[in-house]
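A quick write-up on the structure given underneath.
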Amino acid sequence: MAVRITDVTLEHHREALGIGETKPRISWRFAGVTADWVQSSYEVEIENPETPHLPIEKFSVSSSESSLVPWPGKPLDSRASRILRVRALSEEHGETPWSDYVHVEAGILSPEDWKCSLIQCDSRANLTQPHAPVVFRYEFDISTIVHKARLFISAHGIYEAEINGQRVGDQVLAPGWTPYEYELSYQTFDVTFHLKQGRNAIAAHVGEGWYCGRLGFGGGARNIWGDTLGLLAQIVVTDNEGNETVIVTDDQWQFTTDATIQGEIYDGESYDARLEQDWSSVGISTEGYKQVHTAQFDTNLLRPFDGPPVRAIQEISPVALIKSPSGKRILDFGQNLVGWLRIRVKGKSGHVIRLQHVEVLEFGECAIEPLRTAKAQDTVILSDSELEWQPKFTFHGFRYVQVDDWPTPISDNELSSFVAVVIHTDMERTGWFDCSDDMLNKLHENVVWSMRGNFVSIPTDCPQRDERLGWSGDLQAFAPTATFLYNCHGMLKSWFRGAATEQIRDLDGAFPLISPNVWRITRMPPIRAAIWGDCSVLVPWEMYTSSGDSVILGDLYDSMKDWVQRGVKRDERGLWDPSNHQLGDWLDPLAPLEDPGNSVTDPVFVANAFLIHTTDTLVEICRALSTTAPEGSQKHETLLAEFGSFQAEATKLREAFASEYITPSGRVLSDSQTAIAIAIHFSLIPTVEQEKVAAARLNTIIRQNARFKIATGFAGTPVIGHALSKVHQYQLFYRMLLHKKPPSWLYPVTMGATTIWERWTSMEPDNTVAKGNMTSFNHYALGAVADWMHKFIGGLHPLQPGWKRFAVSPVPGGTLTHATVSHLSPYGLATSKWHIENAIFCLRVTVPPNTTAEIKLPGRADPFVVGSGVHDYSEPYGAPPWPPLPIYAPFMPHEDDEP
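Right, here's the structure in full:
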């Protein structure tokens, strides 16, 4: 198939309406399997849709780059739009067809261009109670024909807008969650076809959301960023002559309450259909409405979100209706998901329905204890009319919904009245895995579902209990997996900008454990914790590795330096001060239930190992950034000096670490799976012979002490497979990966899990939910093992940032007979597909145009490089011994039924 251009994007936006960049970089992917296709140049045509009579701007660039290439035209002004298309040329194969046209339009780029005021409802007298949602409303006239119209809008709270009775856009939970004292995202909507010449009405329904709703565990706090719901909106209408009319929020707007009487993130939503009214059509009665208040607002805080919005992505019907032992009616959707329930119902006026959302059942009843203080319950009061309803101002993590007081007995025939709506940030899927083992496939599917459920505006730890916070340590563990599975660059860019601002302005260099910082209201002193703080360096590096976008490194470089220079509390050797409390190998399965940080691995050991790894990574970041600075410039010289400084620091720290923790013979003094795995993976063991001793000890611990069960937490879980692979003990890790007894990755699968659990044994084999106050059934951190599955089972990973050059080096093992791993890279779809049949290993590799792959077959010592196209290989294959055996005393009888 001939090569053609697909997926032209601007920056990291799939939808480039209302972006914040004046010179957005352009990227495109390729489709087609032409052998050895290499781009030599490209052409870009840019047209202003508002001035079609002017000549099209044409640019021809001699370059092999097709990802994030510079904007060739004039910078975009506020609200300026362009359409463009791209064509690529290969010296050997000729030119591609022109791409489809794509549209790009800037948002409001200057604070002075905002003409609206922040309008607010009345403040609550009792600030210990939730805020009732309100409707802000305004009617206005348009005297001309509407040629083009844009709505720029944000809120203090969560909003949903309507114009003339029509909902605006399909986003949910807008404007999203940011540190509101430093940044408030706004959205841009094309409302050309919502408006008409003559009289119009706009209204926005605003609930408390993250802005002033209850957040945090242990009871949490309300009104963290403010205590009054508010709205900012600006409509710009352009007529056929180019004249503009601007409609803004000001003191002429009105507000009222409506049928949604409560909407809380944790506790759920309450709706009274008897109070339902039209609030966005022209000419309705506004009796009972009040005039809004205007408030001071710094428009410098407004900026477009860098990633896609949260949307309703999928709908799932119930798979079963369960009658609990106590007689309750419970819907089973067959999948632990994040979102809400949409219902269709008719009953008597005043009848009350309650919907209780839970992730699991315990002995046939809804397990609400893991929710802690979150009620996760929606309440609907009926009128006499038929009702179709879903919430706007809450979301739940659930598989099961207990339906109390449905107006008629629920039967299997009525299940069509219930639909689960799945929401998450609308990221592009980029990674896939499939193999011959159905349980591994299910494990990988569970990882994907946990990422979807916890990437809702920001990366969170869990989606169901009184937490749902942006924990940096969880993200650090999961980032390599996340960036493979989805293009989450834009979303993470926004999150990091907020977290870095909090770090530098509020936390004395300590990168926040959680961001946005819900502890700001309590004035909690900065918490300096390795792994969580190291997120500031390690995750941007993963983002760069996956995207090739060095801008994220430059944007966050001050934050990275601030973490290692001010954030880390050090001793006289430069290592962590041992008196500084560390969270360590959090959720090690051997840690006490109520003390998850009290792991078997020395937490100071873990902290120092990560400090060295972070410093090593900073060295590479300096190297990468120095290549983007003009040689001889002040920036270039500074980066080279800092490169040398961090390199010397890493060497000094490595020597101090080895002196403290590595014996001359090679024993690692914190004798655990996590400690040895980290020491191997981060190259902290000085000599090859010492590393052999450490590897042998790790082998013994796994086979004798653990009997192939996992014994790692947040620190060790992402790296143990990589460490064993580094010392060529692939089959040993396959045995761990395929183990089914608790604690293991497949144990939850045997228990019917459809997402990754917070704890290795969140549920016991007898279906008892683990006791204590930390038992989530949707936590992605322990799913970090998917990174190993991609890189070793599939053998697929980048060798050059952005996948311009990538590796295909699969390592078959265990009982697997085939596997396929694919990644939609910035250049196109890369695939590694292998199978074993009759002792022959067969590999098919798909290499996108304009890239190369370094292939290493299991039976060959040296890799070789190929260009684009589809490549097939086969060779004799001798399977390694299987399975690795446990170590028992020879006189001890034992049973070992795995594998």
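Sequential numbering from 348 applies to the sequence shown in my numbering.
Where a beta carbon is used, it is the ideal one built from N, C-alpha and C, also for glycine.
Query: Counterpart residues of A971 in DSSP-defined beta bridges; Result: Partner(s): none; A971 has no beta bridge.
Query: Segments of 4+ residues assigned as alpha helix (DSSP H) that fall wholly inside the segment 819 to 855; Result: 819 to 832 and 836 to 853
Query: N-terminal and C-terminal residue of the alpha helix (DSSP H) that C882 is part of; Result: C882 to S894
Query: Selection from H1086, P477, R497 and Q737 that minimises the alpha carbon distance to G331; Result: Because the chain in this structure spans residues 348 to 1246, residue 331 falls outside the shown range and cannot be described.
Query: Straight-line gap, S906 to L860 (C-alpha atoms, nearest Å); Result: 14 Å
Query: Nearest-angstrom Cα separation, counted from T974 out to K982; Result: 11 Å
Query: C-alpha distance - E442 paired with I1032, whole-angstrom precision; Result: 52 Å
Query: Distance between V391 and D447 (C-alpha atoms, nearest Å); Result: 12 Å
Query: For T596 and I466, the rounded distance between their alpha carbons; Result: 6 Å
Query: Candidates Q737, E591 and L678, of which the one nearest E616 by Cα; Result: Q737
Query: Any beta strand (DSSP E) of 3 or more consecutive residues that is wholly inside the segment 383 to 440; Result: 388 to 394, 404 to 408 and 428 to 437
Query: Anticipated Cβ contact below 8 Å, F765 with P665, distance rounded; Result: 6 Å
Query: Inter-residue Cα distance where the pair is R691 and K675; Result: 20 Å
Query: Per-residue DSSP class, three states only, for Y506; Result: strand
Query: Residues near L531 by beta carbon distance below 6 Å, same chain, minus five either side; Result: S501, L648 and L649
Query: As assigned by DSSP and simplified to three states, the class of H806; Result: In the sequence on display, residue 806 carries Pro and not His. P806: strand per DSSP, three-state reduction.
Query: Contacting residues, own chain, Cβ-Cβ under 7 Å from P396 (five flanking each side not counted); Result: S428 and I430
Query: Short Cβ contact (9 Å threshold) for N341 with N801; Result: Since the displayed the chain opens at 348 and closes at 1246, residue 341 lies outside it and no answer follows.
Query: Per-residue DSSP class, three states only, for D597; Result: coil
Query: Under 9 Å between C-beta atoms of I1183 and Y1224; Result: yes
Query: Residues of its chain near M798, where Cβ-Cβ distance is below 7 Å and the 5 sequence neighbours each way are ignored; Result: A829, L832, Y833 and Y1127
Query: Selected residue, minimal CA-CA separation from S1109, among F483, P717, T381 and S696; Result: P717
Query: Any beta strand (DSSP E) of 3 or more consecutive residues that is wholly inside the segment 596 to 639; Result: 601 to 604, 607 to 611 and 615 to 619
Query: Outcome for S946 when other beta-carbon atoms lying within 10 angstroms are tallied against a minimum of 16; Result: buried
Query: Beta strand (DSSP E) runs wholly inside the segment 1099 to 1151, at least 3 long, in chain order; Result: 1143 to 1145
Query: Test item: CB-CB of P939 and I1057 under 9 Å; Result: no
Query: Proximity of I571 and L578 at Cβ, strictly below 9 Å; Result: no
Query: Selected residue, minimal CA-CA separation from R867, among Y558, A824 and V795; Result: Y558
Query: Alpha-carbon spacing of R1191 relative to V1217, whole angstroms; Result: 7 Å
Query: G880 versus N955 - alpha carbon distance; Result: 12 Å
Query: Cβ-Cβ separation, A1003 to L922 (assumed contact under 8 Å), whole Å; Result: 6 Å
Query: Cross-strand partners of E735 (DSSP beta bridge); Result: R691
Query: Beta-carbon proximity of Q518 to V657, cut-off 9 Å; Result: yes
Query: Cβ distance (whole Å) where P526 is taken to contact T772 below 8 Å; Result: P526 to T772, Cβ: 18 Å. No contact.
Query: Cβ-Cβ distance between G454 and R426 below 9 Å; Result: yes
Query: Contact set for S696: own chain, Cβ-Cβ below 7 Å, skip 5 residues either direction; Result: R621, L729, S730 and D731
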